[in-house]
Amino acid sequence: MSSGNTRRARRRRRNRIIVTGSILAVALIAAIIWVLVNGDFSRGSDGTNFSGSVSGSEISGGSEEEAGEEIPTETVTPTPEPVEISTEGLYSDYALLLRLSDDEILMNKAGTEQMYPASMTKIMTALVAIENLPNLDEMVTVTAEEINPVYELGASLAGFNAGETVSVRDLLYGVLLPSGADACMALSDRVAGSEEAFVELMNQKAQEIGMDNTHFVTSTGLHDPNHYTTCYDIAKLLEYAIQNETFRTVFTTHTYTTTATEYHPEGIALTSSTFAQLGTDQLDNGGVIEGGKTGTEDAAGRCLASLAQIDGEEYILVTGHAPENPEGGPLNIADALYIYNQL
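Residue numbers for the sequence shown follow the UniProt record's numbering, beginning at 1 and rising by one.
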């Protein structure tokens, strides 16, 4: 073959290569354009789906099993329904009803006006003693100097004898159930050395709780013109006090027998003055009165600070200055039943 023929053959091969390459290039470009326009990018090369919304488990890295679990929702506490309480039939000059779940005052009859608390004072007496005497089994000897003054003033007594040694627990029940002034004096001396020093602790606690219209002079509630409070302040005090497990236990007890001593070999049987006057803790509406502290004194009238539960809600009712009832039934108790049964 001549050299001329050889060169022509080479040119033809180059031309075929160029044409073939051009065709392939055009085909590749066309394929890319088609994919861009019509292609499905919803799946990766491993088949993973990238399209659509991303589940919470995929965001957090959780498994499919975790994704199927129910996510707990926040429990929304329903707003209590408005309550209208009539005070038309109240005997007490002062009254206040507090719902504890939201601290809503549901009824207020001169509830922020000053009044005399009488033995409702002993709620604070018991609270201060509990907070300062953590060992309820500690033994305390009651003295004649503690008993005689309150006995001569006609105060109610738990019945401890001079020289009798009893536990702090016994004294607390003596304060709150029969409203024993002898127990108040014994605890005052044990905690602070004197009633005067103990009362200072009571007033300090009142300030801490926010009882802005309260001033104590005695641990017993015996009358003094400068010994005063309001229904609202007593409600604050009781709401605070029942958070203490020991206080709540004593406050809600119906009966208790003190430790046996040589003076009382079978102990002293103590009964809550509140439950004794109520007769039953059951309300007509299915509720229950859980506890209470009565108070009776000439200037204070008949008073009551009580705790009740009705339809799963707890309430505190404080009433003051109810008159004596010539027909017999205590009107502070009648007022409590009248108010609670409206709920």
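Just so it is clear, CB atoms sit at the ideal spot from N, CA and C, and this is done for glycine as well. Treat the numbers as computed from the prediction; the structure is a model and nothing was measured.
Helix or strand or just coil, what does DSSP make of residue i?
i: I339; result: helix
i: M107; result: strand
i: G174; result: helix
i: T229; result: strand
i: E290; result: strand
i: Y263; result: coil
i: S306; result: strand
i: L270; result: strand
i: G62; result: Residue confidence for G62 is low, a pLDDT of 43 falling below 50, so the modelled location carries little weight and cannot support an answer.
i: M115; result: strand
i: L136; result: coil
i: Q243; result: coil
i: Y256; result: strand
i: V217; result: coil
i: V166; result: strand
i: Y151; result: helix
Near residue i, which residues of its chain fall below 6 Å by C-beta distance, leaving aside the five closest residues on each side in sequence?
i: T319; result: S92, A95, L304, N332, D335
i: N132; result: V191
i: C184; result: T125, V175, S219, T220
i: A206; result: T214
i: E164; result: V142, T261, Y263
i: F160; result: V142, D182
i: L187; result: A129, L171
With a cut-off of 8 Å on the beta carbons, I'd call residue i and residue j a contact; round off their distance for me.
i: L270; j: T261; result: Contact flag wrong, Cβ pair sits at about 14 Å.
i: N203; j: D233; result: Rounded, the Cβ-Cβ distance is 12 Å, inconsistent with contact.
i: T246; j: L136; result: 7 Å
i: A241; j: L172; result: Their Cβ separation, rounded to whole angstroms, is 12 Å, which puts A241 and L172 out of contact at 8 Å.
i: residue 346; j: N341; result: Shown here, the chain extends from 1 to 343; a query on residue 346 therefore has no answer.
i: L98; j: A235; result: 5 Å
Less than 7 Å between C-beta atoms, sequence neighbours within five positions excluded: which residues of the same chain meet that for residue i?
i: V83; result: L106, L343
i: V288; result: D281, Q282, A308, Q309
i: G111; result: Y94, A95, L96, T230, C231, Y232
Use the C-beta contact count for residue i: other C-beta atoms within 10 angstroms, 16 or more gives buried, fewer gives exposed.
i: A299; result: exposed
i: I29; result: exposed
i: Y229; result: One point to set straight first is that residue 229 is Thr, not Tyr, in the sequence displayed. Buried, since its Cβ has 16 or more Cβ neighbours within 10 Å.
i: M139; result: exposed
i: Y151; result: exposed
i: P178; result: buried
i: T255; result: exposed
i: L238; result: buried
i: S119; result: buried
i: L337; result: exposed
i: R101; result: Reading the sequence as shown, one finds Ser at residue 101 and not Arg. Classification for S101: exposed.
i: A197; result: exposed
i: S306; result: buried
i: G295; result: buried
i: D189; result: buried
i: S86; result: exposed
i: D40; result: Because the pLDDT at D40 is just 47, under 50, the model does not fix this residue reliably, and the value given afterwards should be weighed accordingly. With fewer than 16 other Cβ atoms within 10 Å, it is exposed.
i: A322; result: buried
Near residue i, what residues of its chain come up, given a Cβ to Cβ distance below 8 Å and the 5 sequence neighbours on each side ignored?
i: residue 346; result: The requested residue 346 is not part of the displayed model; the chain covers only 1 to 343.
i: L222; result: V150, L153, A155, A181, E297
i: G286; result: I310, D311
i: P265; result: none
i: T252; result: E290, G291, L307
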